[in-house]
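Peer 1: In this text, residue positions in the sequence shown follow full-length UniProt numbering: the first is 1, and each later residue adds one. Note that the Cβ used here is the ideal one computed from N, Cα and C, for glycine as well. None of the values given here were measured: they were computed from a predicted structure.
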Amino acid sequence: MMLKNVRFVILIGVVLQGWSCQHKKTAAERPNILFVISDDQSFAHTSFTGSTFVNTPAFDRIAREGVYFSNCIAGSPGCAPSRSSIVTGRYPWQNEQSGQHASSWSRKYIPFIDALEKGGYSTGRTGKGVGPFQYARDEHDSLWRATNAGGIAHSDIKHDKKENLEGYTDKISATDYYENFRYFMENIKGDKPFFFWYGAHEPHRAYEKGSWKRMGKRPEDVQVPGFLPDNEEVRGDLLDYAVEIEWFDRHLGYILKYLADTGELENTMVIVTSDNGKPFPRAKANTYEYGIHVPMAIRYPAKFPGGRIVEDPVSFVDIAPTILEVARTNPGAMMPITGKSFLGILTSDREGYVKEADTYAFSGRERHSSSRYKNRGYPQRAIRSRDFLYIWNMRPERWPAGAPRKYDPKDTLQLLPVNGVGDDGKYIPQSAYTDIDDCPAKTYLLEHAGDEAIKPFLDLAVRKRPEFELYAIKTDPYCLENLAGMPEFAADEQKLRQELTDELKRTEDPRVVGPDKEIFDRYKRYSPLRKFPEPAPSR
Numbered sequence: 001m002m003l004k005n006v007r008f009v010i011l012i013g014v015v016l017q018g019w020s021c022q023h024k025k026t027a028a029e030r031p032n033i034l035f036v037i038s039d040d041q042s043f044a045h046t047s048f049t050g051s052t053f054v055n056t057p058a059f060d061r062i063a064r065e066g067v068y069f070s071n072c073i074a075g076s077p078g079c080a081p082s083r084s085s086i087v088t089g090r091y092p093w094q095n096e097q098s099g100q101h102a103s104s105w106s107r108k109y110i111p112f113i114d115a116l117e118k119g120g121y122s123t124g125r126t127g128k129g130v131g132p133f134q135y136a137r138d139e140h141d142s143l144w145r146a147t148n149a150g151g152i153a154h155s156d157i158k159h160d161k162k163e164n165l166e167g168y169t170d171k172i173s174a175t176d177y178y179e180n181f182r183y184f185m186e187n188i189k190g191d192k193p194f195f196f197w198y199g200a201h202e203p204h205r206a207y208e209k210g211s212w213k214r215m216g217k218r219p220e221d222v223q224v225p226g227f228l229p230d231n232e233e234v235r236g237d238l239l240d241y242a243v244e245i246e247w248f249d250r251h252l253g254y255i256l257k258y259l260a261d262t263g264e265l266e267n268t269m270v271i272v273t274s275d276n277g278k279p280f281p282r283a284k285a286n287t288y289e290y291g292i293h294v295p296m297a298i299r300y301p302a303k304f305p306g307g308r309i310v311e312d313p314v315s316f317v318d319i320a321p322t323i324l325e326v327a328r329t330n331p332g333a334m335m336p337i338t339g340k341s342f343l344g345i346l347t348s349d350r351e352g353y354v355k356e357a358d359t360y361a362f363s364g365r366e367r368h369s370s371s372r373y374k375n376r377g378y379p380q381r382a383i384r385s386r387d388f389l390y391i392w393n394m395r396p397e398r399w400p401a402g403a404p405r406k407y408d409p410k411d412t413l414q415l416l417p418v419n420g421v422g423d424d425g426k427y428i429p430q431s432a433y434t435d436i437d438d439c440p441a442k443t444y445l446l447e448h449a450g451d452e453a454i455k456p457f458l459d460l461a462v463r464k465r466p467e468f469e470l471y472a473i474k475t476d477p478y479c480l481e482n483l484a485g486m487p488e489f490a491a492d493e494q495k496l497r498q499e500l501t502d503e504l505k506r507t508e509d510p511r512v513v514g515p516d517k518e519i520f521d522r523y524k525r526y527s528p529l530r531k532f533p534e535p536a537p538s539r
């Protein structure tokens with residue numbers, strides 16, 4: 001009898017062990033997912049891509065050991081619409097007010113994070129989520145989403161600013177990203193895979209001016225892009241920007257070490273990117289290369305052959321379907337996803353151009369800040385191929401960077417000076433071209449507008465633009481020579497225009513198919529409004 005009991009116990013043990021192994025195998029087939037996003041970082045500004053003044057060892061590790069996408073195109077050159085595109089898998093123009101800067105988030109635009117949570121993932125976030133948007137303020141906001149579309153926040157742990165923290169400045173967020181991540185990890189209940197959104201507030205402005213000096217950086221190391229003047233002021237501004245990228249990367253490094261120490265790193269799909277390009281004139285809030293081309297690297301060694309650089313253009317709308325496919329999760333009640341999973345690229349062992357045919361990535365913008373009469377935007381749509389960037393400026397009569405003057409907020413009958421520069425030659429903050437973040441580089445351009453050597457750079461940033469622009473991005477990454485209308489590029493332009501138009505029609509862009517082509521200018525803005533003079537009628 002005792003022998004039978006022993007045999008029974010052994011049998012149960014074998015069954016339980018088999019179940020346990022199968023359970024672990026199933027868990028391994030649904031990896032943890034760490035989604036990491038900086039705020040305003042252009043593609044060129046990682047040490048992996050050869051930047052001589054930005055040091056990003058954590059990003060470099062993901063790019064080196066994983067798959068680096070050398071042509072990742074953001075959904076928009078501004079944070080809110082671009083992040084909307086990431087979490088919904090849809091272009092900003094498809095998401096009504098929930099794809100516009102500083103508008104409201106409708107409940108019907110369910111982010112993929114909700115689908116993951118419903119599918120069995122533990123989800124959380126630290127730092128900046130999906131915004132700026134107005135979310136539900138109380139139970140009466142029945143049409144609005146109550147929580148941030150980036151997930152439930154874990155941002156309560158703050159740095160002690162009195163500490164002498166390496167790399168810290170007085171403009172960097174007080175949120176301790178790493179410690180909040182660690183708190184989330186130590187409080188996961190059950191044996192669930194996790195999804196965590198690390199959204200740094202850096203390198204969004206404002207910066208501590210001259211912070212680079214304390215960090216031991218050198219102006220001679222800076223690579224100044226061709227659309228900005230090369231001088232001490234601009235180099236210093238770029239170095240302050242670099243300091244904040246490095247803070248973002250530092251916390252990524254802490255998180256990766258934690259995952260390695262706890263044995264979770266090898267079963268974690270790590271995605272690192274940025275929402276849009278750097279906060280400088282002719283970059284952020286513009287669909288030029290430095291506004292929409294962002295870094296992206298993905299590491300998951302259990303499934304994705306690493307050490308590869310993929311050159312196929314990919315779009316932010318493709319991220320959500322890729323994550324859902326990797327996680328074996330149904331999108332459920334999400335609105336129809338426009339993007340296509342690029343899991344096939346990730347699991348391939350090919351590099352360079354993985355797909356035989358040329359692929360396209362699309363981007364666009366509407367309103368950024370409050371920068372024109374009656375809060376109007378500057379609608380742009382763009383298509384990026386392997387070789388070209390083609391831009392459609394849908395309202396070329398408008399100022400691309402915002403109006404050159406506004407009314408004095410202290411006296412709404414008094415106009416401030418053109419270009420925002422007073423009689424003393426000093427720029428008045430937030431007084432002109434307010435789609436460009438106030439910064440030393442912008443101030444320098446405006447205060448030296450009369451200098452013949454500087455005026456061309458100011459014109460690049462603020463002057464009115466033609467309806468169509470075409471750039472050969474491999475030879476002209478700064479987008480300085482517009483090829484649109486040139487006979488030798490007519491076939492390329494025609495093809496890209498047709499591809500762009502077809503995609504806008506397919507995705508029912510109101511600017512193209514209606515019925516209300518100006519709806520984006522009427523969505524309510526929940527951030528402060530400026531008052532501008534009515535522009536003269538266009539001829």
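In whole angstroms, give me the CA-to-CA distance for R210 and K406.
Peer 2: Along the sequence shown, read from residue 1 onward, the residue named residue 210 stands at position 210. Along the sequence shown, read from residue 1 onward, the residue named residue 406 stands at position 406. Per the sequence shown, the amino acid found at residue 210 is Gly instead of Arg. So the two alpha carbons sit approximately 30 Å from each other.
Peer 1: Under a three-way DSSP split, which group does M334 fall into?
Peer 2: To locate residue 334, count along the sequence shown from 1; it is residue 334. If DSSP states are grouped into helix, strand and coil, M334 belongs with coil.
Peer 1: Given V354, which residues of its chain have a CB within under 7 Å of its CB, disregarding the five upstream and five downstream residues?
Peer 2: As a first step, residue 354 must be located in the sequence shown, where it is residue number 354. Residues of the same chain with a CB within less than 7 Å of the CB of V354, apart from the 5 flanking positions on each side, are V310, D312, I345, S348 in chain order.
Peer 1: Please name the residue, chosen from D509, S122, E179, V54, that lies closest to G190 on a Cα-to-Cα basis.
Peer 2: As a first step, residue 190 is located in the sequence shown; it is residue number 190 there, counting from the start. Of the listed residues, the one whose Cα sits closest to G190 is S122.
Peer 1: Can you find at least 3 beta carbon pairs, one from the stretch 300-309 and one from the stretch 393-402, that sit closer than 8 Å?
Peer 2: no
Peer 1: Measuring only the C-alpha atoms, how far is A242 from V54?
Peer 2: Residue mapping note: residue 242 aligns to position 242 of the sequence shown, counting from 1. Residue mapping note: residue 54 aligns to position 54 of the sequence shown, counting from 1. Taking the straight line from one Cα to the other gives about 5 Å.
Peer 1: In this structure, does DSSP put H251 in helix, strand or coil?
Peer 2: Within the sequence shown, the letter at position 251 stands for residue 251. Helix, per DSSP.
Peer 1: I'd like the list of long-range same chain contacts for residue 557, defined as Cβ closer than 8 Å, with 5 residues on each side in sequence excluded.
Peer 2: Nothing can be reported for residue 557, as the shown portion of the chain is limited to 1 through 539.
Peer 1: Would you call the CB atoms of T329 and L529 closer than 8 Å?
Peer 2: Numbered from its first residue, the sequence shown carries residue 329 at position 329. Numbered from its first residue, the sequence shown carries residue 529 at position 529. Going by C-beta atoms, T329 is not nearer than 8 Å to L529.
Peer 1: Excluding five sequence neighbours on each side, which residues of the same chain lie with their C-beta closer than 6 Å to the C-beta of I271?
Peer 2: What you label residue 271 is simply residue 271 of the sequence shown in a count that begins at 1. F35, I298, listed in sequence order.
Peer 1: Are D40 and N276 close, meaning C-beta to C-beta below 8 Å?
Peer 2: As a working mapping, residue 40 is identified with position 40 in the sequence shown. As a working mapping, residue 276 is identified with position 276 in the sequence shown. The answer is yes: Cβ separation under 8 Å.
Peer 1: Looking at the structure shown, is F388 part of a helix, part of a strand, or coil, going by DSSP?
Peer 2: Sequence index remark: in the sequence shown, residue 388 carries index 388 (1-based). F388: strand per DSSP, three-state reduction.
Peer 1: For P229, count the other beta carbons within 10 Å of its own beta carbon; 16 or more makes it buried, fewer makes it exposed. Which is it?
Peer 2: For the purposes of this step, residue 229 is identified with residue 229 of the sequence shown, where counting begins at 1. It counts as buried.
Peer 1: Drop a sphere of 10 angstroms on the beta-carbon of K464, count the other beta-carbons inside from all chains shown, and report buried for 16 or more, exposed for fewer.
Peer 2: One-based indexing of the sequence shown puts residue 464 at position 464. K464 counts as exposed, since fewer than 16 other beta carbons sit within 10 angstroms of its beta carbon.
Peer 1: Curious, which full-length beta strand (DSSP E) runs of at least 3 residues does the stretch 302-359 contain?
Peer 2: 308-310
Peer 1: With DSSP as the reference, label W212 as helix, strand or coil.
Peer 2: The residue you call residue 212 lines up with position 212 of the sequence shown. Note: W212 maps to helix in three-state DSSP.
Peer 1: Would the stretch 358-374 count as touching the stretch 472-484 if we require 3 or more Cβ pairs under 8 Å?
Peer 2: The way I'd put it, the stretch 358-374 doesn't touch the stretch 472-484; fewer than three beta-carbon pairs between them come closer than 8 Å.
Peer 1: Since E233 contacts T56 with CB under 8 Å, what's their CB separation in whole angstroms?
Peer 2: Your numbering for residue 233 matches position 233 in the sequence shown. Your numbering for residue 56 matches position 56 in the sequence shown. Not confirmed; about 24 Å, so no contact.
Peer 1: Which residues does DSSP pair with K124 in a beta bridge?
Peer 2: Mapped onto the sequence shown, residue 124 falls at position 124. Note on identity: in this sequence residue 124 is Gly, with Lys being the wrong assignment. Answer is F196.
Peer 1: Taking the C-alpha atoms as reference points, what is the distance between G352 and P295?
Peer 2: The sequence position of residue 352 within the sequence shown is 352, counting from 1. The sequence position of residue 295 within the sequence shown is 295, counting from 1. Approximately 16 Å, taken between the alpha carbons.
Peer 1: By Cβ distance, which residues of its chain are closer than 6 Å to P132, with the 5 residues on each side in sequence left out?
Peer 2: What you label residue 132 is simply residue 132 of the sequence shown in a count that begins at 1. Correct list, in chain order: A80, A102.
Peer 1: In or out: K442 buried (at least 16 other Cβ within 10 Å) or exposed?
Peer 2: The residue given as residue 442 occupies position 442 in the sequence shown. Result: buried.
Peer 1: What are the boundary residues of the beta strand (DSSP E) that includes E469?
Peer 2: Here residue 469 refers to the residue found at position 469 of the sequence shown. Element bounds for E469: 468-472.
Peer 1: List the whole-angstrom C-beta distance separating residue 552 from T175, where the pair is believed to meet the contact cut-off of C-beta under 8 Å.
Peer 2: Past the edges of the chain, shown from 1 to 539, lies residue 552, and the structure says nothing about it.
Peer 1: Note down, one range per segment and in chain order, each beta strand (DSSP E) of at least 3 residues found wholly within the stretch 362-430.
Peer 2: 380-384, 388-393, 411-415
Peer 1: Can you tell me whether L34 is helix, strand or coil according to DSSP?
Peer 2: Translated into positions along the sequence shown, residue 34 becomes position 34. DSSP places L34 in strand when its eight states are reduced to three.
Peer 1: Is Y109 helix, strand or coil when you go by DSSP?
Peer 2: The residue labelled residue 109 in the question sits at position 109 within the sequence shown. The answer is coil: DSSP assigns Y109 none of H, G, I, E or B.
Peer 1: From R372 to K410, what distance separates their C-alpha atoms?
Peer 2: The residue labelled residue 372 in the question sits at position 372 within the sequence shown. The residue labelled residue 410 in the question sits at position 410 within the sequence shown. Distance between the alpha carbons of R372 and K410 is about 18 Å.
Peer 1: Identify whether residue 568 lies in helix, strand or coil by the three-state DSSP scheme.
Peer 2: Nothing in the structure corresponds to residue 568, since the chain is present only between 1 and 539.
Peer 1: Would DSSP call K158 helix, strand or coil?
Peer 2: To locate residue 158, count along the sequence shown from 1; it is residue 158. Strand.
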